[in-house]
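S.K.: Chains as they are written, first to last, in UniProt numbering: chain A, 1 to 222; chain B, 1 to 201. Using N, Cα and C, we set each Cβ at its ideal position, and we do this for glycine too. Every value quoted in this text rests on a predicted model; they were computed, and no experiment measured them. Sharing a structure below in structure tokens format, with a few things to ask.
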């Protein structure tokens, strides 16, 4: 799914923010509350699925993703997961927020929850895969040229490009199905090294880049 | 599909919406504000870059630990008591005078929480996420780190549950310092690879 969250290589974003050594963990008090609310609701209330949370982040529009910063997008994605699972009714958060601000607002009725009937087979995301990895360290591989409709961890900037397997990482459950509550389907994961000129053309800065790619994202390259 | 973001610009402020969400869920017994307080306090005080600094200072002063850290990062880090969310599999890579690693997460802002805490603003900033995979030398220079043309740059985009930690170079002039004396020199930014460890003048 090609939306704002897939940032790699995007242009027009200006200079980077300079590091501040004394930056507080949470710049404003609400950011800490939003952080804790997100961990709690995603972990215990709405779905217990980190990939579904990441997919909720990806589904936000640009304004909801960017305007209120990192914890603003967390808050919006946590709310989206609570709407998806009908823990909250549409409009419930805004109505309560307006009441807190002293305005008149009508609060919607609490809906009948419709939480996904789904549980991971184990904590975390690392899993065992019985079949041997399809690729070995040193193999030349290509990231498939594809644009999956739902959640994916295949960023647009590597699609169609050729690299070399640098490391075989522990197998992971597959986010593209897990995020949609459609099963873990664990796969082998590879750190694939790309040359900057392969990714960005002959005038690119000289460097290399590694990224973790799931086996089904890859095909052998000559 | 119902989305909360239609007309986001006209929604109440995030501070008010956070308070509203906490209140709605607390009323129904779905979250406990005291548990939230505990999460916040833990990440404000216990889980931060001091943990990563301790790992690096030990690696600089204990060659056997350094070898374990580079071979099996997660278990070597767990030896020092650091583990938890976003730390399932940590790979440690060494910066040298000729090879410089720098980490990013272009798709979200994945970061090795048990050793570095929650990510700083610049790491979550769209400009850093977008640009460091395309022009890392320019981005590092903007952040105050000029690397010579003979230094090979390796960018690590954390697109799975693998988390990267940079083992920075031990600076000259610290040969006589103890592990404990080294810890305060080691900054978060050096452990991500956007700075080097410096000795205060």
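Quick check on this structure: which residue in B:10, B:188 and B:193 has the alpha carbon closest to the alpha carbon of residue 21 (chain A)?
M.R.: It is B:188 whose Cα lies nearest to the Cα of residue 21 (chain A).
S.K.: Flag this pair as touching only if the region 33 to 40 of chain A and the region 151 to 165 of chain B have three or more C-beta atom pairs under 8 angstroms; answer yes or no.
M.R.: Verdict: no, contact absent.
S.K.: Quick one, which of B:48, B:178 and B:93 has its alpha-carbon nearest residue 166 (chain B)'s?
M.R.: The residue with the shortest Cα to Cα distance from residue 166 (chain B) is B:93.
S.K.: Any C-beta of chain B within less than 8 angstroms: which residues of the UniProt region "Disordered" (1 to 20) of chain A qualify?
M.R.: Answer set for the UniProt region "Disordered" (1 to 20) of chain A: 5, 6, 7, 8, 9, 10, 11, 13, 14, 15, 16, 17, 18, 19 and 20.
S.K.: So with CB distances below 7 angstroms, who are the chain B contacts of residue 70 (chain A)?
M.R.: In chain order: 109 and 124.
S.K.: Hey, could you find the ends of the beta strand (DSSP E) residue 172 (chain A) is sitting in?
M.R.: Unbroken beta strand (DSSP E) run through residue 172 (chain A): 162 to 172.
S.K.: What are the uninterrupted segments assigned as beta strand (DSSP E) that are 3 or more residues long and contained completely in the UniProt domain "Nitrile hydratase beta subunit" (127 to 220) of chain A, given in chain order?
M.R.: Entirely contained in the UniProt domain "Nitrile hydratase beta subunit" (127 to 220) of chain A, the beta strand (DSSP E) runs reaching 3 residues are, in chain order, 140 to 143, 162 to 172, 187 to 195, 208 to 214 and 218 to 220.
S.K.: According to DSSP, is residue 2 (chain B) helix, strand or coil?
M.R.: Its pLDDT being 46, under 50, residue 2 (chain B) is placed unreliably by the model, and nothing is read from it.
S.K.: Beta-carbon within less than 6 angstroms of residue 142 (chain A)'s beta-carbon, same chain only, minus the 5 sequence neighbours each way: which residues are those?
M.R.: Excluding positions up to five away in sequence, the list reads 162, 219 and 221.
S.K.: Using a threshold of 9 angstroms, state whether the C-beta atoms of residue 47 (chain A) and residue 116 (chain A) are closer than that.
M.R.: Contact flag set, yes.
S.K.: For the structure I just gave you, are there three or more beta carbon pairs, one from the region 141 to 149 of chain B and one from the region 103 to 119 of chain B, closer than 8 angstroms?
M.R.: Counting Cβ pairs under 8 angstroms, fewer than three are found: no touch.
S.K.: I think residue 167 (chain A) touches residue 217 (chain A), with their Cβ atoms under 8 angstroms apart; what is that distance to the nearest whole Å?
M.R.: No, residue 167 (chain A) and residue 217 (chain A) are not in contact; Cβ-Cβ is about 16 angstroms, not under 8 angstroms.
S.K.: Please go through the same chain and pick out, in chain order, the residues whose beta-carbon is closer than 8 angstroms to the beta-carbon of residue 109 (chain A), but skip the five residues on each side of it.
M.R.: Excluding positions up to five away in sequence, the list reads 89.
S.K.: Specify the secondary structure class of residue 7 (chain B) as computed by DSSP and reduced to three states.
M.R.: Residue placement at residue 7 (chain B) is flagged as unreliable, the pLDDT there being 49, under the threshold of 50; the coordinate-derived value follows with that caveat. Note: residue 7 (chain B) maps to coil in three-state DSSP.
S.K.: Could you work out which residues of chain A lie near residue 39 (chain B), taking near to mean beta carbons separated by less than 8 angstroms?
M.R.: Chain A residues near residue 39 (chain B): 35, 36, 39 and 40.
S.K.: Within the continuous alpha helix (DSSP H) that includes residue 101 (chain B), where are the two ends?
M.R.: Counting along the chain, residue 101 (chain B) falls outside any alpha helix (DSSP H), though it belongs to the beta strand (DSSP E) covering 99 to 104.
S.K.: According to DSSP, which residues form a beta bridge with residue 89 (chain B)?
M.R.: DSSP lists B:162 as partners of residue 89 (chain B).
S.K.: So is residue 182 (chain A) buried or exposed if we call it buried at 16+ other beta carbons inside 10 Å?
M.R.: When all chains shown are included, residue 182 (chain A) counts as exposed.
S.K.: Residue 107 (chain B): which of A:214, A:208, A:7 and A:118 sits nearest, CA to CA?
M.R.: It is A:7 whose Cα lies nearest to the Cα of residue 107 (chain B).
S.K.: Quick one: is residue 94 (chain A) near chain B, going by C-beta distance under 9 angstroms?
M.R.: For residue 94 (chain A), the answer is yes, since a Cβ of chain B falls inside 9 angstroms of its Cβ.
S.K.: Counting C-beta neighbours from all protein chains within 10 Å, is the total for residue 34 (chain B) 16 or more, i.e. buried, or is it exposed?
M.R.: With fewer than 16 other Cβ atoms within 10 Å, it is exposed.
S.K.: Determine the extent of the alpha helix (DSSP H) in which residue 188 (chain B) is found, giving its start and end residues.
M.R.: Here the alpha helix (DSSP H) through residue 188 (chain B) covers 188 to 192.
S.K.: Would you mind sorting residue 2 (chain B) into buried or exposed? The rule is 16 or more other CB atoms within 10 Å of its CB.
M.R.: Confidence at residue 2 (chain B) is low in this model, with a pLDDT of 46, below 50, so its placement is unreliable and no value can be given for it.
S.K.: To which residues does DSSP link residue 96 (chain B) through a beta bridge?
M.R.: According to DSSP, residue 96 (chain B) bridges with B:99.
S.K.: Against chain A, which members of the region 144 to 164 of chain B pass a CB distance test of less than 8 angstroms?
M.R.: Answer set for the region 144 to 164 of chain B: 144, 152, 153, 154, 155, 156, 157, 158, 159, 160, 161 and 162.
S.K.: Residues in the same chain with beta-carbon distance under 8 angstroms from residue 16 (chain B), minus the five sequence neighbours each way, listed in chain order, please.
M.R.: Here the set comprises nothing.
S.K.: Report the option in A:85, A:200 and A:82 whose CA atom is closest to the CA atom of residue 160 (chain A).
M.R.: Cα-wise, what sits closest to residue 160 (chain A) is A:200.
S.K.: Does any CB atom of chain A fall closer than 9 angstroms to the CB of residue 106 (chain B)?
M.R.: It does: the Cβ of residue 106 (chain B) has a partner Cβ on chain A nearer than 9 angstroms.
S.K.: Kindly indicate which three-state DSSP category residue 155 (chain B) falls into: helix, strand or coil?
M.R.: Here residue 155 (chain B) sits in strand by DSSP.
S.K.: Just to confirm before moving on: does the CB-CB distance between residue 67 (chain B) and residue 186 (chain B) stay below 9 angstroms?
M.R.: No, they are not a contact pair.
S.K.: Within 9 angstroms of any Cβ in chain B, is that where the Cβ of residue 224 (chain A) sits?
M.R.: This structure cannot speak to residue 224 (chain A), because chain A is shown only from 1 to 222.
S.K.: Which value, in whole angstroms, describes the spacing of the CA atoms of residue 125 (chain A) and residue 76 (chain B)?
M.R.: About 20 angstroms.
S.K.: So what does DSSP say about residue 167 (chain B), is it helix, strand or coil?
M.R.: Residue state, collapsed to three classes: strand.
S.K.: Does chain B have any CB closer than 9 angstroms to the CB of residue 210 (chain A)?
M.R.: Closer than 9 angstroms to some Cβ of chain B, the Cβ of residue 210 (chain A) qualifies, so yes.
S.K.: Can you tell me which of B:181, B:141, B:176 and B:150 puts its alpha carbon nearest to the alpha carbon of residue 195 (chain B)?
M.R.: Selected option, being the one with the closest Cα: B:141.
S.K.: Is the Cβ-Cβ distance between residue 100 (chain B) and residue 55 (chain B) less than 9 angstroms?
M.R.: No.
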